[in-house]
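In numbering that gives the first Met the number 0, the protein residues as written are 0 to 386. All residues carry an ideal CB built from backbone N, CA and C; glycine is no exception.
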Amino acid sequence: MAKIAIIDLLFNWPPDGGARTDIQHVAQGLSNSHNVVLFCPNFRLGFPRGRISQDPGIAVRRIPLKDYEFQPLTLTRRLRSAVDEFSPDCVFIADGWYFKPYVVVAMEGYRRVLRFYAHESLCPKSHGHFIDRRMRPCQRNWLNEWRDFLPCVLCATRWLHEHPECTHFSIPFTRALAFLPHYPHLARRAISSADAIVCYNEFIKNKLSSINENIHIVPSGIDASRFSPSPPAPRKGPRKVLMCGRKSDPLKGYDILFKAFAPLVQAGMDIELFVTESPARKEGFVNYTGWLDQEGLANLYRQMDICVVPSVWQEPFGIVALEAMASGKPVIVTRVGGLQHIVDDGVDGFVVEPFDSRGLRQKLKILIENPDLCESMGKAGRAKVLE
């Protein structure tokens, strides 16, 4: 039995998103045969780090920090001291955003495995969206091209200035000094020194492979017993379409889905849209569910007929698509990041181009008008998850 330390600077439970759900699954699975402890800071400046109000089912050690102590030197010293006390055989470093390179370097001397669920150090703009100002995939690489450093930093700074509400990005960006020339060199050192790297799609692997060749693509898993289909029942009422994601985040593609959906309502189709955003409310044909825990989310999937993931950025994986498939629902996703590799177009759902509201509308119309196709695609998706 090995001792494994997992470090996640963003862990909170119930989870705020798919990355936290994923690392909990990883820790829980490893705990079946190893001694695993997850280490995370415990403070609330800009983000609910260390907030645990339900049992996550894993061992968690929270490291108290005052707001002013959230800076590389103090944070890494506290983490190193706590990890040394545990004395693990391996350190698995998960989410860290701008602080991740500092944590990796601080754990030198241990066998280190890095997980890149999102893009983190690969892009200084809000932890890596790889989207330029025209909402196109960005081709710059500030880790490999020195001439890209200044444009990348200016892009990130501009984005943060335009989004003052995003203190969960701006605070770590400034405190990690990610705007200084030393930062990409530090990130390269951290990535190159890792014993192994786990990522979730070819896009991220290609970004990392020139720095470290020992990279493994390991897709997320989910609890297929929790996310399971509802018993067969007569269809009543409007057809229900679900988007799991924040309306307020333009990269999640809500505006594209709304443009696709509204004409179908205007054409007289008996349909409703559900979006997992707080607060709970109803605006026309859109129902906002409010915040849901894992059980609430699983129950919501069972009530839906179709799920849509209309992301316009290079979504690292798209765990919500997997949850929907496990729940026996057909899924429409965009051809981005890891999403395009989850759904087999025409088999367990459809794949459409990002920003293509017309193409999305056509696929929605097909599924809405063909409930038997929805059922067969849902069964195919469930079978894939169980493989």
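Give every residue of the same chain whose Cβ lies closer than 7 Å to the Cβ of residue i, excluding the five residues on either side of it in the sequence, and list them in chain order.
{"i": "P237", "result": "D269, I270 and E271"}
{"i": "A279", "result": "Y287, T288 and G289"}
{"i": "L153", "result": "none"}
{"i": "L176", "result": "Y182"}
{"i": "R245", "result": "K251 and E276"}
{"i": "R111", "result": "V90, I92, V103, A193 and D194"}
Does the distance from the CB of residue i to the CB of residue j come in under 9 Å?
{"i": "I318", "j": "D21", "result": "yes"}
{"i": "C306", "j": "V330", "result": "yes"}
{"i": "Q293", "j": "P47", "result": "no"}
{"i": "F115", "j": "C39", "result": "no"}
{"i": "F314", "j": "G295", "result": "For the sequence presented, residue 314 should be read as Glu rather than Phe. No; because the gap between Cβ atoms is not below 9 Å, this pair is not in contact."}
{"i": "T75", "j": "V104", "result": "yes"}
{"i": "L256", "j": "L359", "result": "yes"}
{"i": "I51", "j": "R61", "result": "yes"}
{"i": "F91", "j": "A186", "result": "no"}
{"i": "A266", "j": "R357", "result": "no"}
{"i": "L366", "j": "A325", "result": "no"}
{"i": "R381", "j": "P230", "result": "no"}
{"i": "I203", "j": "I190", "result": "no"}
{"i": "F10", "j": "R174", "result": "no"}
How should residue i be labelled, buried or exposed, when 16 other C-beta atoms within 10 angstroms of its C-beta is the threshold for buried?
{"i": "E322", "result": "buried"}
{"i": "P309", "result": "buried"}
{"i": "N200", "result": "buried"}
{"i": "L8", "result": "buried"}
{"i": "W312", "result": "buried"}
{"i": "E212", "result": "exposed"}
{"i": "I6", "result": "buried"}
{"i": "G108", "result": "exposed"}
{"i": "W145", "result": "exposed"}
{"i": "Q23", "result": "buried"}
{"i": "D88", "result": "exposed"}
{"i": "D54", "result": "exposed"}
{"i": "Q302", "result": "exposed"}
Taking the alpha helix (DSSP H) that residue i belongs to, which residues open and close that run?
{"i": "G108", "result": "No alpha helix (DSSP H) holds G108; DSSP gives it neither H nor E."}
{"i": "E161", "result": "F148 to E161"}
{"i": "P40", "result": "Taken as a continuous stretch (DSSP letters only), P40 belongs to no alpha helix (DSSP H), being part of the beta strand (DSSP E) at N34 to N41."}
{"i": "N205", "result": "E201 to L207"}
{"i": "C373", "result": "P370 to L385"}
{"i": "R60", "result": "Run containing R60: none in the alpha helix (DSSP H); it sits in the beta strand (DSSP E), V59 to P63."}
{"i": "H118", "result": "Taken as a continuous stretch (DSSP letters only), H118 belongs to no alpha helix (DSSP H), as it is neither H nor E."}
{"i": "I22", "result": "G17 to S30"}
{"i": "I214", "result": "Premise fails: I214 lies in the beta strand (DSSP E), I214 to I216, not in any alpha helix (DSSP H)."}
{"i": "S192", "result": "H181 to S192"}
{"i": "K246", "result": "Careful: K246 lies outside any alpha helix (DSSP H) and carries neither H nor E."}
{"i": "A266", "result": "Premise fails: A266 is in no alpha helix (DSSP H) and is neither H nor E."}
{"i": "I221", "result": "That residue, I221, is in no alpha helix (DSSP H); it is neither H nor E in DSSP."}
{"i": "E84", "result": "P71 to F85"}
Residues in the same chain with beta-carbon distance under 6 Å from residue i, minus the five sequence neighbours each way, listed in chain order, please.
{"i": "G17", "result": "I318"}
{"i": "K281", "result": "none"}
{"i": "Y101", "result": "P71 and T75"}
{"i": "Y253", "result": "K246"}
Bridge partners of residue i, per DSSP?
{"i": "E426", "result": "Not covered by the structure: residue 426. The range shown for the chain is 0 to 386."}
{"i": "D344", "result": "G348"}
{"i": "W12", "result": "I51"}
{"i": "V90", "result": "A4 and R111"}
{"i": "R301", "result": "In DSSP, R301 forms no bridge with anything."}
{"i": "N286", "result": "F273 and K281"}
{"i": "C137", "result": "The partner list for C137 (beta bridge, DSSP) is empty, contrary to what the question assumes."}
{"i": "A307", "result": "A small correction: the amino acid at residue 307 is Val; Ala does not occupy that position in the sequence shown. Note: V307 sits in a beta bridge opposite I331."}
Can you name, in chain order, every residue of its own chain whose Cβ lies under 8 Å from the Cβ of residue i, other than the five neighbours on each side?
{"i": "H126", "result": "No answer about H126 holds up, because its pLDDT of 48 lies below 50 and its placement is not dependable."}
{"i": "V346", "result": "M376 and A379"}
{"i": "L159", "result": "S125, C165, F168, S169 and F172"}
{"i": "C151", "result": "C122, P123, K124, R139 and W141"}
{"i": "S86", "result": "K2"}
What span of residues does the beta strand (DSSP E) with residue i cover, start to end?
{"i": "E282", "result": "R280 to E282"}
{"i": "I3", "result": "K2 to I6"}
{"i": "A195", "result": "A195 to C198"}
{"i": "T333", "result": "V330 to T333"}
{"i": "H167", "result": "That residue, H167, is in no beta strand (DSSP E); its alpha helix (DSSP H) goes T166 to R174."}
At a cut-off of 8 Å, would you count residue i as near the ligand ATP, judging by its Cβ distance to the nearest heavy atom?
{"i": "F69", "result": "This structure lacks the ligand ATP; in fact it carries no ligand of any kind."}
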